[in-house]
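These notes concern the structure reproduced below.
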Amino acid sequence: MFIKRLEIYGFKSFPYKVSIPFSPKITAIVGPNGSGKSNILDAIRWVLGEQSPKKLRVKELSDLIFSGNNNRNIDFAEVKLLLNHEPPVWETYKDFPEILITRRFYRNGESEYFINQKPCRLKDIQFLFLDLGVNPQSYGIIEQGEVSKFIDLSPKERKILLEDLAGVSKLKITEENTLKNLQKTEENLLRLKDIINEVR
Ligand code: ATP
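Count along the sequence shown from 1, then add 357; that gives the number in the numbering used here.
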């Protein structure tokens, strides 16, 4: 599995639709300072489910939409990530040789997410990648100056890294969500008992 193509429209410094083909081996992106190289990595981070403005190097999420001065009215930012899915790694999509992940964000704050053109939730995309030990916070994307960070990781951070790689993070998140649901159900049950006692 590898990234085949990245399509960007209206995201950060990209007012026009840009299609970037990736090689199964090495793809290098070169350009002058400030030309948008890191914005391409931000686009990958974002389409994989990143939510933190800080991680995406903006003050607020609306800054992700192109705001330059080119006389174009850009109402939304869109990033599409096309993945080669051969051999398949996701059982649910085993019959799909390609997987297209799409994320869209409108100026009015609305978001849309798609897997293979079908609407889905952000959570579905995040979970898909957690299965592979890839999430926006994981070490799949290593930025400038981050290499030395590996050496300086604390034991706790190293544990998180290993859990990410082993796919344990997904199970932890599922456990957290299940515990929250259990707690809500218990609260609802308690309320229900109170009501029953009142009407008796
Ligand atoms: P360097 O080599 O110095 O690290 P780079 O090629 O990685 O630079 P980026 O950081 O990707 O450059 O791009 C920075 C540019 O993106 C800046 O010129 C900034 O104005 C522009 N930019 C960021 N967000 C937006 C936006 N919402 N609208 C228009 N331009 C934007």
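Backbone N, C-alpha and C fix where the C-beta goes; we use that ideal spot for every residue, glycine too.
Alpha-carbon spacing of residue i relative to residue j, whole angstroms
| i | j | result |
| --- | --- | --- |
| Ile482 | Lys374 | 23 Å |
| Glu330 | Ile360 | Any property of residue 330 remains undetermined from this structure, which presents the chain solely from 358 to 557. |
| Arg464 | Ile397 | 20 Å |
| Glu514 | Glu500 | 17 Å |
| Leu487 | Lys550 | 39 Å |
| Ile422 | Asp432 | 8 Å |
| Leu485 | Ile458 | 10 Å |
| Leu518 | Glu455 | 28 Å |
| Leu546 | Ile552 | 10 Å |
| Pro476 | Glu469 | 7 Å |
Classification of residue i by the beta-carbon crowding that lies within 10 angstroms, buried from 16 upward
| i | result |
| --- | --- |
| Arg557 | exposed |
| Asn387 | First, the residue type needs correcting, since residue 387 is Val and not Asn in the sequence shown. Exposed, because fewer than 16 other Cβ atoms sit within 10 Å of the Cβ of Val387. |
| Ile402 | Looking at the sequence provided, one finds Arg at residue 402 rather than Ile. Flag for Arg402 reads buried. |
| Glu555 | exposed |
| Glu407 | buried |
| Phe462 | buried |
| Arg460 | buried |
| Lys504 | Here residue 504 turns out to be Val, not Lys, going by the sequence shown. Exposed, since its Cβ has fewer than 16 Cβ neighbours within 10 Å. |
| Leu413 | buried |
| Ser511 | exposed |
| Phe507 | exposed |
| Leu405 | buried |
| Ser526 | buried |
Same chain, Cβ closer than 6 Å to residue i, neighbours up to 5 away in sequence not counted
| i | result |
| --- | --- |
| Ile377 | Leu363 |
| Phe371 | Ile365 |
| Ala400 | Ile365, Phe368, Val436 |
| Gly393 | Ser370 |
| Lys451 | Pro445 |
Residues of its chain near residue i, where Cβ-Cβ distance is below 8 Å and the 5 sequence neighbours each way are ignored
| i | result |
| --- | --- |
| Ile498 | Leu398, Ile401, Arg402 |
Close Cβ partners of residue i (< 7 Å) along its chain, the five nearest in sequence each way excluded
| i | result |
| --- | --- |
| Phe453 | His442, Asn473 |
| Val415 | Leu421 |
Below 8 Å, can you find three or more Cβ-Cβ pairs linking the segment 377 to 390 to the segment 427 to 438? At 8 Å Cβ cutoff, the stretches do not touch.
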